[in-house]
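Working notes for the structure below.
In this note's numbering, the protein residues as written are 11 to 291.
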């Protein structure tokens, strides 16, 4: 089954959001649900989720600023600016209030926006969210340092093998990389502008925007944290973040690393659907 077969019937389009031409896919009917991918990602990383979730929601998957086919902006790629672009995208799509699912960098941006604009959210799902630790602390973990290095190589010199290595590092089963998503990511990484954006994302000073326990204590939006069993965020760090939130819960998905929504799509879709519809894990 191809990427686009899994999203068959979806509307693919562009909106102007905060001055940026922004790509989106829309599928389904019902309460809106916005999907935000991770660093270096693109909306196709949710190909295994859009169709199943569209049975219950109007699903919107978007490319973050400077990612996929969304235009870049000038200057630094701070979480504050990425979150502002998400809010602008919501405005452009007429989403006054919505559920949001954010993975990795997308989770960080979603959480930052929820902290500052809670009235725009119904419920929030954070899949292996970034931003729970300072960069130096994260990179002290050899596993994360290796993943960071692989990501840099894929962004800076996007050969087939470099991109494959990057994707493999996101998965518990490194041999399960889908050839089509590999080819899609390889093509999206080729333009010089894409490489420049990825460098800016890595170099951005996001220390002031960390999701500290003190900050998360002000997160009023009901939140589900989803952690991959072998994910890059230590179980203790994730548990500390969940405990700091007034209304949050944590589920660990077995057989997954950084991309549970991809590797264990059925389980992750079930978790998301149940939480958003019923408030259950």
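Glycine is no exception: its CB is placed at the ideal position from the N, C-alpha and C atoms.
Integer-rounded CB distance, given that residue j should sit under 8 Å from residue i
i, j, result
"residue 247", "residue 281", "That pair is no contact at about 20 Å."
"residue 61", "residue 113", "In fact, because the Cβ distance is near 17 Å, the residues do not count as touching under 8 Å."
"residue 95", "residue 28", "5 Å"
"residue 221", "residue 121", "6 Å"
"residue 83", "residue 71", "The pair is not a contact, with the Cβ atoms about 20 Å apart (cut-off 8 Å)."
In DSSP terms, what residue i is bridged to
i, result
"residue 134", "110, 233"
"residue 23", "34"
"residue 71", "35, 45"
"residue 238", "263"
Cβ shell of residue i (< 7 Å), same chain only, five flanking positions each side left out
i, result
"residue 19", "37"
"residue 208", "50, 165"
"residue 73", "32, 33, 52, 53, 79, 80"
"residue 178", "184, 187"
"residue 40", "66, 67, 68"
"residue 103", "25, 34, 70"
"residue 242", "138, 153, 154, 157, 268"
"residue 92", "74, 75, 119"
Endpoints, alpha helix (DSSP H) assigned at residue i
i, result
"residue 272", "270-273"
"residue 122", "115-126"
"residue 9", "A question about residue 9 goes unanswered here, because the residues of the chain that appear run from 11 up to 291."
"residue 187", "Careful: residue 187 lies outside any alpha helix (DSSP H) and carries neither H nor E."
"residue 59", "57-63"
"residue 227", "Premise fails: residue 227 is in no alpha helix (DSSP H) and is neither H nor E."
"residue 90", "89-102"
"residue 215", "Looking at the DSSP string, residue 215 is not in any alpha helix (DSSP H), and its letter there is neither H nor E."
"residue 175", "170-178"
"residue 146", "145-149"
Counted within 10 angstroms of its Cβ, other Cβ atoms place residue i as buried (16 or more) or exposed
i, result
"residue 201", "exposed"
"residue 107", "exposed"
"residue 136", "buried"
"residue 146", "exposed"
"residue 288", "exposed"
"residue 290", "The predicted model places residue 290 with a pLDDT of 49, which falls under 50 and marks its position as unreliable; any figure quoted below should be read in that light. Looking at its Cβ environment, which holds fewer than 16 other Cβ atoms inside 10 Å, residue 290 is exposed."
"residue 100", "buried"
"residue 224", "exposed"
"residue 169", "exposed"
"residue 161", "buried"
"residue 138", "buried"
"residue 175", "buried"
"residue 144", "exposed"
"residue 76", "buried"
"residue 264", "exposed"
"residue 273", "buried"
"residue 182", "buried"
Own chain residues within Cβ distance below 8 Å of residue i, not counting five before or after
i, result
"residue 245", "237, 262"
"residue 215", "86, 88"
"residue 171", "none"
Run of the beta strand (DSSP E) containing residue i, from where it starts to where it stops
i, result
"residue 259", "258-263"
Same chain only: Cβ atoms within 6 Å of residue i, ignoring 5 sequence neighbours per side
i, result
"residue 21", "36"
"residue 195", "173"
"residue 9", "There is simply no residue 9 to check, as the chain begins at 11 and stops at 291 in what is shown."
"residue 148", "154"
"residue 10", "Because residue 10 is not part of the residues shown, which for the chain are 11 to 291, the question remains open."
Near the ligand GDP: residue i beta-carbon under 7 Å from a heavy atom
i, result
"residue 201", "Judged by which ligands are present, the structure shown has none, so any question about the ligand GDP falls away."
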